[in-house]
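Down below is the structure, laid out as structure tokens.
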Amino acid sequence: MINVKTVLKVAALVSALSLPLSFAQTASAGDIKSWQTSIVKLVAKKQVYPRAAMADELEGKAKVKISIDRSGAITSHELIESSGHEVFDQEVEALVARINPLPTPPAELSDNNLSFVLPLTWAIN
1 MINVKTVLKV AALVSALSLP LSFAQTASAG DIKSWQTSIV KLVAKKQVYP RAAMADELEG
61 KAKVKISIDR SGAITSHELI ESSGHEVFDQ EVEALVARIN PLPTPPAELS DNNLSFVLPL
121 TWAIN
């Protein structure tokens, strides 16, 4: 039997958040880190390894750009780096639906729309 583990690159998520310069000046680092951690936990809870990929012993990585509004609702998303496997790319679409809405950004963040890149990895260990 295959030992399957879904691996999230959480450090990459935290560093990949693309924030406007004013963003960093108005929000405390602790609030931002706490918000990012809550996103990582939600994604880790909701990301699944597709059965078809598991059966074929497929592995993959993908990146999706996510834009959210002030409430945390996902307003748009775009697959910016395909996994190379349709089964994982379809899972990205399903995952975005499962994690919507994301945790509300810190109140100090003045932008009405925030975007970040979410890196995802599926690996068999």
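Residue numbers for the sequence shown, in UniProt numbering: 1 to 125.
Each residue gets a CB set at the ideal place from its N, CA and C atoms; glycine is no exception.
Keep in mind that this is a model prediction, so the values were computed, not measured.
In the three-state reduction of the DSSP assignment, Ala62 falls in the strand class, which pools E and B. Sorting Val48, Leu42, Glu91 by C-alpha distance to the C-alpha of Val64 places Glu91 at the top.
Taking the Cα positions, Glu108 is about 13 Å away from Ser71. Inter-residue distance for Arg51 and Glu57 is about 10 Å (C-alpha atoms, whole angstroms). The way I'd put it, the region 70-84 doesn't touch the region 40-48; fewer than three beta-carbon pairs between them come closer than 8 Å. Fully contained in the UniProt domain "TonB C-terminal" (34-125) are the following alpha helix (DSSP H) runs of length 4 or more, in chain order: 51-55, 86-99.
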